[in-house]
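In our numbering, the protein residues as written are 13 to 93. Glycine included, each C-beta is placed from N, C-alpha and C at the ideal position. Please read all numbers here as calculations on a predicted model, not as lab measurements. The next block holds one structure in the form of structure tokens; read it before the comments.
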């Protein structure tokens, strides 16, 4: 798959991507669900996961940034592994 960015009349170099699926791929929704299953099923109670189509947002509420960071870290660890 090749891609480039065009903005205000300027275009970037074309780049070839050897990983991933093309948009509108029939397999994309199923593979996304398999990939995200761990995060959606084993999400820690201290953070919220919002998912729609292939977009996902993790959020947390706390009295400080450190509390929010600590609440979100387990979800980030699941995505990284």
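The three-state secondary structure of residue 72, taken from DSSP, is coil.
Looking at the DSSP output, residue 14 shares a beta bridge with 28. If you draw a 10 Å sphere on the C-beta of residue 22, you find fewer than 16 other C-beta atoms in it, and that means exposed. DSSP, read as helix, strand or coil, puts residue 39 in coil. The beta carbon of residue 24 sits closer than 6 angstroms to the beta carbons of 16 and 17 from its chain, once the five residues preceding and following it are set aside; these are given in chain order.
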